[in-house]
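Down below is the structure, laid out as structure tokens.
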Amino acid sequence: MRTIIKNIKELVQIRDNHIDRIIGKDMKVLPTIKNAYLIIKNDIITDFGLMKDLNHLDFDKEIDATGKLVLPSWCDSHTHIVYAGNRESEFVDRINGLTYEEIALKGGGILNSAKNLQDTSEDELFVQASVRIEEIIQSGTGAVEIKSGYGLEIGAEIKMLRVINRLAHKFPIAFKSTFLGAHAFPESFKNKKEEYVKKICEEMIPQIVQHDLAEFIDVFCEKNYFTVEQMETILETGKKYGLIPKIHVNQFNSIGGVESGVKHNALSVDHLEIMTAEDIAVLKDSKTMPVALPACSFFLGIPYTPARKMIDQGLPLALATDFNPGSSPTGNMHFVVASACIKMNMTPEEAINAATMNGAYAMNLSHSHGSISIGKKANLIITKPIPSYHFIPYAFGSNLIDQIILNGNVY
Ligand SMILES: N=CN[C@@H](CCC(=O)O)C(=O)O
Ligand SMILES: [Zn+2]
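196 is the number that the UniProt record's numbering gives to position 196 of the sequence shown; each next residue is one higher, with no gaps.
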């Protein structure tokens with residue numbers, strides 16, 4: 001099956017396929033071709049260029065993109081999409097004055113979602129998560145990472161990871177799974193935290209790997225959650241079993257988690273709302289991708305990741321939604337890109353690089369996703385007629401998508 005998209009007003013994020021991520025001042029550059037064509041064979045991008053250079057060939061399907069832009073689909077490298085119910089009552093509690101941390105200390109927050117998830121069947125979880133996946137696809141996401149971490153005991157953690165597996169078989173986007181048993185301490189372990197860490201290392205990790213349920217391992221390293229030492233024990237065990245670290249750090253406090261993440265070759269360090277000069281310095285020249293989650297900052301009213309400082313000091317940055325019931329109940333990458341520009345002073349070029357190429361890197365997908373490159377998956381967004389890609393963050397509340405292409409097919 002050969003498909004051509006022709007008369008593209010601007011083809012955005014064209015790259016050589018050996019580029020894996022965009023760093024520092026290079027993030028200000030977003031390569032494009034105006035008045036372009038793009039050719040897809042089955043599910044793969046095989047050619048693109050200027051309309052004037054197109055040789056007339058036969059195609060099975062033609063799409064006319066006059067006045068429209070074509071971009072790679074968004075790559076959302078940090079979500080918790082498999083959850084049960086919602087936490088709208090905590091949302092109202094916060095409006096009435098409680099903080100996210102105070103709610104968690106009273107047994108709400110992650111533990112509230114864990115109780116709900118433990119009482120929900122796998123089939124029901126699959127139904128609820130499918131609705132959210134459908135929604136993120138419609139908003140332009142073509143690759144997504146999903147974490148466990150609302151199970152907090154082996155059966156429920158496996159249930160979550162099995163749901164991710166089933167989603168991957170149902171929907172035509174790329175999925176990556178992360179084991180986050182170290183998301184919070186269950187109530188029954190609150191006075192024996194080392195025992196829970198032992199449980200994660202000796203019972204959970206071996207079983208999850210045995211059933212091939214995750215590629216990454218995550219820990220929430222934060223005051224009142226997991227210490228740097230506990231995180232290191234868990235990451236080192238995970239690595240022995242072949243799991244790659246991706247961690248939650250510096251959401252509320254800088255306690256040394258970033259440095260430890262880099263030391264353990266974490267693929268990404270995520271949140272980073274609170275960053276010291278040392279945290280920034282340690283990420284420089286490392287292979288670890290910093291990931292900002294501006295929808296979480298927006299929803300909780302906490303600081304935004306200091307993107308300007310980080311990029312200006314030569315770091316790369318990825319953007320993700322953090323879609324979860326407590327701190328970011330949205331999977332809308334368009335909103336995330338817009339917030340990065342509006343609240344974090346990132347340029348549209350930087351924000352689009354962060355939400356495509358660097359997001360793909362943060363889930364080990366930059367060989368196949370995140371840019372318009374020959375040989376990569378044809379997961380694309382075709383916009384409605386818009387003036388330029390600057391309009392994407394500018395029109396932050398409008399649906400600008402005309403068509404979604406996934407694996408070379410119109411979705
Ligand atoms: N901070 C830790 N975990 C999630 C929130 C989980 C929740 O509140 O349910 C996050 O990334 O924001
Ligand atoms: Zn998260």
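For each residue, glycine too, the CB sits at the ideal point set by N, CA and C.
- Shown here, Gly109 sits in coil according to DSSP, grouped into three states, outside any helix or strand.
- Counting other Cβ atoms within 10 Å of its Cβ, Met346 reaches 16 or more and is therefore classed as buried.
- Going by DSSP, Gly151 is part of no beta strand (DSSP E) at all; its letter is neither H nor E.
- Around the beta carbon of Met1, fewer than 16 other beta carbons lie within 10 angstroms, which makes this residue exposed.
- A residue is called buried when at least 16 other Cβ atoms come within 10 angstroms of its Cβ; Ser113 meets this threshold and is buried.
- For the pair Gly107 and Asp60, the Cα-to-Cα distance works out to about 57 Å.
- Excluding sequence positions up to five before and after Gly242, its CB lies within less than 8 Å of the CB of Val209, all in the same chain and listed in chain order.
- In this structure, DSSP gives His334 a helical state, which the three-state scheme calls helix.
- In the three-state scheme derived from DSSP, where H, G and I count as helix and E and B as strand, Ala355 is classed as helix.
- In the DSSP secondary-structure assignment, Gln403 is bridged to Ile382.
- The Cβ-Cβ distance between Lys68 and Ile311 does not fall below 8 Å.
- Per the DSSP secondary-structure output, Lys246 pairs in a beta bridge with Ser268.
- Annotated as distal: Ile136 and Gly301, with beta-carbon spacing of 8 Å or more.
- According to the DSSP secondary-structure assignment, Ala174 is paired through a beta bridge with Ala143.
- Residues of the same chain with a CB within less than 7 Å of the CB of Thr32, apart from the 5 flanking positions on each side, are Glu10, Leu11, Val12, Ile14 in chain order.
- With 16 or more other CB atoms across the displayed protein chains lying within 10 angstroms of its CB, Asp322 is buried.
- DSSP, read as helix, strand or coil, puts Asn116 in helix.
- Distances from the CB of Asn324 to the heavy atoms of ligand 2 include at least one below 7 Å.
- With a beta-carbon spacing of about 10 Å, Ala295 and Val337 fall beyond the 8 Å limit used to define contacts.
- For Cys75, the enclosing beta strand (DSSP E) starts and ends at 74–76.
- Approximately 28 Å separates the beta-carbon atoms of Gly397 and Ala378; this is outside 8 Å, ruling out the contact.
- Ile40 and Glu62 have their C-alpha atoms spaced approximately 10 Å apart.
- DSSP places Arg132 inside the alpha helix (DSSP H), whose first and last residues are 122–138.
- The C-beta distance from Asp76 to Met344 rounds to 17 Å, too long to fall under 8 Å, and the pair is not in contact.
- Counting the other CB atoms within 10 Å of its CB gives Lys376 a total of 16 or more, which places it among the buried residues.
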